[in-house]
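Trainee: Below is a structure I'd like to ask you about.
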Amino acid sequence: MPDDERFGLTELADLAGVTPRTVRYYLAQGLLPAVGQSGPGSKYDAGHLARLRLVRRLQAEHLPLAEIRRQLEGLDEDEIRSLAGNDAPEPPADSALDYVRRVMTRMPHDAPADPSAAAAVPTAQPIERSQWERIVLAPDVELHIRRPLARAQNKQVDRLVTIARELLEEDRP
Amino acid sequence: MTPRAEPTFSIRPDRHLIRPNAHSQRFLLARIAAPRATTERARRPVNLAIVLDRSGSMSGEKLSVAKNAVEQAIARLQPDDRFSVVAYDDVVDVVIGSTKASAEARRGAIERLRSIDARGSTNLGEGWLRGCEQVASHIAEQGVNRCLLLTDGLANIGITDPDELALHAEELRARGVSTSTFGVGNDFDERLLQRLADAGGGHFYYIANAPQIRDAITSEVGETLEVVARDVSIEITARDDIRIDPISPYKMIGGGNRTSISLGDLGSEQVVEIVLRLSFPYGLLGQETGAILALKDRDSVFGRGGVGETEPIRLTWAYADDPANDGQPRDRDVDRAVARLFAARARQEAVQRNRMGDYVGAQQILDATARRIRGYAGHDQEMRSIIDALEREQIMFAGQMAEPSLKQAYFASANVQRSRDATGRSVKRA
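If you're matching them up, the sequences are chains H and V in order.
Throughout, our numbering is defined as the position within the first sequence, counted from one, plus 12.
Throughout, our numbering is defined as the position within the second sequence, counted from one, plus 5.
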């Protein structure tokens, strides 16, 4: 929105999706800069809005207010704006091509070998489903395994999990 | 009124007052009109895959009309566009791998299309995914990347689970490849094809008879050729104690107090109407609460000077006592839109019940909806006629209906909910 836009307290609160009371609280806590004399006529600007949205985001990540204040102090206006605006859902990390190829390699290949046989029996084939197991190795790392596995493979996977967890544990600060 | 070329975005609430000691529900009608495509700006390139079902049941007229339609669609492309053709039964063949639509490639396509003939059963999932793969292998960053899937049957081998197929459609859409679907005849599953199109950000067409295949494909290709705004969404900021539900069938992504409703791509001068329901918390007399709505799209067509979002529209509701609530004026246009949508939803539900043999259930759902609408219709003519239609149709739904009638009723209702005309085409501004 244009930089010269100014809002009243209620409007600022609505734009950020909080109550006016929350805005007053943040003002009192110094998380938002005060504007001249406070009162019903006070006007806030786009900088306030960006800061307010960022505070909400950081709060949603369960950061204590003191920590949020500390983080905000280290940021300039532009940084605050870019962080505050960045609440759109993350775009997928892989491309459409990667995705579709991954799905197709996983696909059940239960088509009958003889096409004429398929034409003769056009009824539903049993659905072949695969079970994928997710093993969390570390907070941001997962291993996906399709069950069932042969016994030897199972043992290998168990070892892999143990080693991977140790490795990831080491690297954590 | 002279047609306007600029994009517009308007929002109308049905009422402005809410009750302090009840969870008031209020409706919003959002209306979006896309700008007109300008002749000076070149249109966006398209990158299409057309996926044809060539299972045994397609043999004869259906397949020959479909091939003909594909030929005509390809003839409309320009050298900057790309196309590919996939045919599937139990085996999936890439008949024409993704190619630039040069004059030579377009001529060659006609030869190759002739070689497709009908046989085996239906691996719809893999056929469609192969088509998506062709599109995905040459994504046009500035263009419209879409896979068109035509079938007359059920997915009976390969991936057949509708949930899984819809999930893939959604994931592919998020990665830039959309999906539109065409169902021909009596034996396909319209709910699956509608879901694929909804999740895939494209459109679904019901084709009762083979000769209509050409019109449907021509129309869909035409829409991709005149897309002016991609990935349009309504962005809503509201306090998180206000619940937002889209009544129109669009996907909503909610995160805290920011809610986003994705509308897909919009064509030149296309008009879309969306109804949202807001459920408010308890509050104090005299207090106000509000929501802020803006429109966003990938190319900032609706933005102001490249900001990417329209000027936000701010709406407020005030907590007021019961007499004031009961006596407040209503925006009848919003009421009419709400009535149309609920009637369409009831019909789709009645179609399912009738097909399952639950004739009483089908009647009841229409009756209950007619009664609800009567509760706020007053003497309004349009709402009266919606009620009359629901009452008339109860007789029809009270006995076994033929499959084409069920499919037609489903499709007509699907179109009402998505601002499309009776044949599934987008609606333009007057």
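C-beta atoms are modelled at their ideal positions from N, C-alpha and C, and glycine is treated no differently.
As the structure is a prediction and not an experimental result, all values here were calculated from the model.
#1: Decide yes or no for the touch test of the segment 390-400 of chain V against the segment 341-355 of chain V: beta carbon pairs closer than 8 Å, at least 3 of them.
#2: DSSP beta-bridge partners for Ile247 (chain V)?
#3: Applying the criterion that 16 or more other CB atoms from any shown protein chain within 10 Å of the CB defines a buried residue, is Met473 (chain V) buried or exposed?
#4: According to DSSP, is Ser89 (chain V) helix, strand or coil?
#5: Secondary structure at Leu284 (chain V), three-state DSSP: helix, strand or coil?
#6: Report the rounded CA-to-CA distance for Phe307 (chain V) versus Ser273 (chain V), giving the unit in angstroms.
#7: What residues of chain H sit near Ala243 (chain V), judged by a beta carbon separation below 9 Å?
#8: Going along the chain, which residues of the segment 133-154 of chain V sit with their C-beta nearer than 7 Å to a C-beta in chain H?
#9: Drop a sphere of 10 angstroms on the beta-carbon of Ala373 (chain V), count the other beta-carbons inside from all chains shown, and report buried for 16 or more, exposed for fewer.
#10: Looking at chain V, is there any beta carbon in it that lies within less than 8 Å of the beta carbon of Thr22 (chain H)?
#11: Is the beta carbon of Asp95 (chain V) less than 8 Å from the beta carbon of Arg59 (chain V)?
#12: Do we get a CB-CB distance below 8 Å when we pair Arg171 (chain H) with the residues of chain V?
#13: Pop quiz: Leu177 (chain V) and Gly188 (chain V) are said to be a contact at Cβ under 8 Å. What is the actual Cβ separation, rounded to whole angstroms?
#14: Could you tell me whether the Cβ of Ala130 (chain H) comes closer than 8 Å to any Cβ of chain V?
#15: Gly102 (chain V): which of V:Val90, V:Ala108, V:Gly113 and V:Glu109 sits nearest, CA to CA?
#16: Would Leu298 (chain V) and Pro286 (chain V) be called neighbours here (beta carbons separated by less than 8 Å)?
#17: Thinking just about the alpha-carbon of each residue, which of V:Asp157, V:Phe416 and V:Glu116 is nearest to the one in Lys67 (chain V)?
#18: For the beta strand (DSSP E) containing Val100 (chain V), name the first residue and the last one.
#19: Let me see if you follow: with CB-CB separation under 8 Å, is Asn262 (chain V) close to chain H or not?
#20: The segment 79-112 of chain H: which residues have C-beta closer than 9 Å to a C-beta of chain V, in chain order?
#21: Using the beta-carbon of each residue, which ones in chain V are nearer than 9 Å to Val153 (chain H)?
#22: Since Arg319 (chain V) meets chain H, which of its residues come closer than 9 Å, beta carbon to beta carbon?
#23: Terminal residues of the continuous alpha helix (DSSP H) containing Gln422 (chain V)?
#24: Keeping to the same chain, check which residues put their C-beta closer than 7 Å to that of Lys433 (chain V); ignore five residues upstream and five downstream.
#25: Could you have a look at Gly259 (chain V) and say whether DSSP puts it in helix, strand or coil?
#26: Measure the Cβ-Cβ separation of Glu278 (chain V) and Arg117 (chain V) and say whether it is below 8 Å.
#27: Measuring alpha carbon to alpha carbon, tell me which residue in V:Tyr211, V:Gln77, V:Val226 and V:Arg200 is nearest Pro50 (chain V).
#28: Rounded to the nearest angstrom, what separates Val133 (chain H) and Ile55 (chain V) at their Cα positions?
#29: Are Asn330 (chain V) and Arg24 (chain V) close, meaning C-beta to C-beta below 8 Å?
#30: Check whether the Cβ of His21 (chain V) lies closer than 8 Å to any Cβ atom in chain H.
#31: Please report the distance separating the alpha-carbon of Arg235 (chain V) from that of Ala46 (chain H).
#32: Should Asp192 (chain V) go down as buried or exposed, given a rule of 16 or more other Cβ atoms within 10 Å for buried?
#33: Listed in chain order, which residues of the segment 162-181 of chain V have Cβ atoms closer than 8 Å to some Cβ of chain H?
#34: Below 8 Å on the Cβ atoms is my guess for Ile239 (chain V) versus Leu170 (chain V); work out the distance and round it to an integer in Å.
#35: Mind checking which residues open and close the beta strand (DSSP E) that includes Ile318 (chain V)?
#36: According to DSSP, is His173 (chain V) helix, strand or coil?
Mentor: Looking at the coordinates:
#1: Counting C-beta pairs closer than 8 Å gives three or more between the segment 390-400 of chain V and the segment 341-355 of chain V, which meets the contact rule.
#2: Here residue 247 (chain V) refers to the residue found at position 242 of the second sequence. Residue pairing by DSSP places Ile247 (chain V) opposite no residue, since no beta bridge is assigned to it.
#3: Shown here, chain V extends from 6 to 435; a query on residue 473 (chain V) therefore has no answer.
#4: Within the second sequence, the letter at position 84 stands for residue 89 (chain V). Strand, per DSSP.
#5: For the purposes of this step, residue 284 (chain V) is identified with residue 279 of the second sequence, where counting begins at 1. Looking at the sequence provided, one finds Ser at residue 284 (chain V) rather than Leu. Residue state, collapsed to three classes: strand.
#6: Along the second sequence, one-based indexing puts residue 307 (chain V) at 302. Along the second sequence, one-based indexing puts residue 273 (chain V) at 268. Roughly 13 Å separates the two Cα atoms.
#7: Against the second sequence, residue 243 (chain V) aligns to sequence position 238. Here the neighbours are Asp26 and Gly29.
#8: For chain H, the residues of the segment 133-154 of chain V that bring a beta carbon within less than 7 Å of one of its beta carbons are Leu134, Cys137, Glu138, Ala141, Ser142 and Ile144, in chain order.
#9: For the purposes of this step, residue 373 (chain V) is taken as the residue at position 368 of the second sequence. With a threshold of 16 other beta carbon atoms within 10 Å, Ala373 (chain V) falls short and is exposed.
#10: For the purposes of this step, residue 22 (chain H) is identified with residue 10 of the first sequence, where counting begins at 1. It does; some Cβ of chain V falls within 8 Å.
#11: Here the question's residue 95 (chain V) lines up with position 90 in the second sequence. Here the question's residue 59 (chain V) lines up with position 54 in the second sequence. No; because the gap between Cβ atoms is not below 8 Å, this pair is not in contact.
#12: Taking the first residue of the first sequence as 1, we reach residue 171 (chain H) at position 159. For Arg171 (chain H), no CB of chain V lies under 8 Å from its own CB, so it is not counted at the interface with that chain.
#13: Here residue 177 (chain V) refers to the residue found at position 172 when the second sequence is read from its first residue. Here residue 188 (chain V) refers to the residue found at position 183 when the second sequence is read from its first residue. The Cβ separation is near 19 Å, so there is no contact.
#14: Stepping through the first sequence from its first residue, residue 130 (chain H) is reached at position 118. Here the model assigns Ala130 (chain H) a pLDDT of 39, short of 50, so the residue's position is not dependable and the matter cannot be decided.
#15: Here residue 102 (chain V) corresponds to residue number 97 of the second sequence, with the count starting at 1. Minimum Cα distance to Gly102 (chain V) is reached at V:Val90.
#16: Your numbering for residue 298 (chain V) matches position 293 in the second sequence. Your numbering for residue 286 (chain V) matches position 281 in the second sequence. No, Cβ-Cβ distance for Leu298 (chain V) and Pro286 (chain V) is not below 8 Å.
#17: The residue labelled residue 67 (chain V) in the question sits at position 62 within the second sequence. Selected option, being the one with the closest Cα: V:Asp157.
#18: For this step, residue 100 (chain V) is matched to residue 95 along the second sequence. Per DSSP, Val100 (chain V) belongs to the beta strand (DSSP E) from Val97 to Lys105.
#19: The sequence position of residue 262 (chain V) within the second sequence is 257, counting from 1. With 8 Å as the cut-off, Asn262 (chain V) counts as an interface residue toward chain H.
#20: Across the segment 79-112 of chain H, CB contacts with chain V closer than 9 Å involve Asp99, Ala100, Pro101, Pro103, Pro104, Asp106, Ser107, Ala108, Leu109, Asp110, Tyr111 and Val112, in sequence order along the chain.
#21: On the first sequence, position 141 is the one that residue 153 (chain H) refers to. Within chain V, no residue comes near Val153 (chain H); the closest Cβ sits about 21 Å away, beyond 9 Å.
#22: Residue 319 (chain V) sits at position 314 when you count from the first residue of the second sequence. What Arg319 (chain V) touches in chain H, judged by beta-carbon distance under 9 Å, is Glu23, Asp26 and Leu27, going in chain order.
#23: In the second sequence, counting from the first residue as 1, residue 422 (chain V) sits at position 417. In the DSSP assignment, Gln422 (chain V) falls within the unbroken alpha helix (DSSP H) covering Glu408 to Gln422.
#24: Stepping through the second sequence from its first residue, residue 433 (chain V) is reached at position 428. Glu274, Gln275 and Val276, listed in sequence order.
#25: As a position in the second sequence, residue 259 (chain V) is number 254, starting the count at 1. DSSP, reduced to helix, strand and coil, places Gly259 (chain V) within a strand of the structure shown.
#26: For this step, residue 278 (chain V) is matched to residue 273 along the second sequence. For this step, residue 117 (chain V) is matched to residue 112 along the second sequence. Their beta carbons are not under 8 Å apart, which means Glu278 (chain V) does not touch Arg117 (chain V) by this criterion.
#27: As a first step, residue 50 (chain V) must be located in the second sequence, where it is residue number 45. Residue V:Val226 is the option with its Cα nearest to Pro50 (chain V).
#28: Counting from one through the first sequence, the residue named residue 133 (chain H) turns up at place 121. Counting from one through the second sequence, the residue named residue 55 (chain V) turns up at place 50. Note on Val133 (chain H): pLDDT 37, under 50, position unreliable in the model; the coordinate value appears next. Cα-Cα distance, rounded: 27 Å.
#29: If you number the second sequence from 1, residue 330 (chain V) lands on position 325. If you number the second sequence from 1, residue 24 (chain V) lands on position 19. Yes, the pair counts as a contact, with Cβ atoms nearer than the cut-off.
#30: Residue numbering aside, residue 21 (chain V) sits at position 16 when the second sequence is read from its first letter. At a cut-off of 8 Å between beta-carbon atoms, His21 (chain V) makes no contact with chain H.
#31: Along the second sequence, read from residue 1 onward, the residue named residue 235 (chain V) stands at position 230. Along the first sequence, read from residue 1 onward, the residue named residue 46 (chain H) stands at position 34. Each residue's alpha carbon lies about 40 Å from the other.
#32: Translated into the one-based positions of the second sequence, residue 192 (chain V) becomes position 187. Burial state of Asp192 (chain V) is exposed, judged by a 10 Å Cβ sphere holding fewer than 16 other Cβ atoms.
#33: Listed by position, the residues of the segment 162-181 of chain V near chain H (Cβ gap below 8 Å) are Ile162, Gly163, Ile164, Thr165, Asp166, His173, Glu176, Leu177, Ala179, Arg180 and Gly181.
#34: For this step, residue 239 (chain V) is matched to residue 234 along the second sequence. For this step, residue 170 (chain V) is matched to residue 165 along the second sequence. For Ile239 (chain V) against Leu170 (chain V), the beta-carbon gap comes to about 27 Å, at or over 8 Å, which does not count as contact.
#35: What you label residue 318 (chain V) is simply residue 313 of the second sequence in a count that begins at 1. Its beta strand (DSSP E) spans residues Ile318 to Tyr324.
#36: For the purposes of this step, residue 173 (chain V) is taken as the residue at position 168 of the second sequence. Three-state DSSP puts His173 (chain V) in a helix.
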